[in-house]
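Colleague:
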Amino acid sequence: NELTEWVSDQRVCYSNFQNGVKTSINYEQIKLLNEIGFEWVKASWEERYKELKVYVHEFGNTIVPRKYSKNTALGKFVANQRKYYKKFQRGE
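So in my numbering, spot 33 of the sequence shown is number 62, and the numbers just go up one at a time.
1) Use the C-beta contact count for Val85: other C-beta atoms within 10 angstroms, 16 or more gives buried, fewer gives exposed.
2) In terms of residues, what are the limits of the alpha helix (DSSP H) holding Ser37?
3) Counting along the chain, where does the alpha helix (DSSP H) carrying Lys115 start and finish?
4) In whole angstroms, what separates the C-alpha of Gly122 from that of Asn30?
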């Protein structure tokens, strides 16, 4: 997916920028991405699991909508976990 690749590239560029390595990203671009809440560090599985526990505490289930407005990444995480589990059950 092109967007996934672009996001990954931005994270690499930002890391290089912070380390003083010449990169294609500049301060203004970083500022714009920060303004929309861009996540510079990809959340770990454990972090998403903690977010899911909070969701369960609030709603009493793990049925997180794929496009959950409070945390779209959590909805995608849960959908992916279900997909991985089905593959596991099939022995894939």
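Backbone N, C-alpha and C fix where the C-beta goes; we use that ideal spot for every residue, glycine too.
Modeller: On the basis of the data shown:
1) exposed
2) Glu31 to Gln47
3) Thr101 to Gln118
4) Because the chain in this structure spans residues 30 to 121, residue 122 falls outside the shown range and cannot be described.
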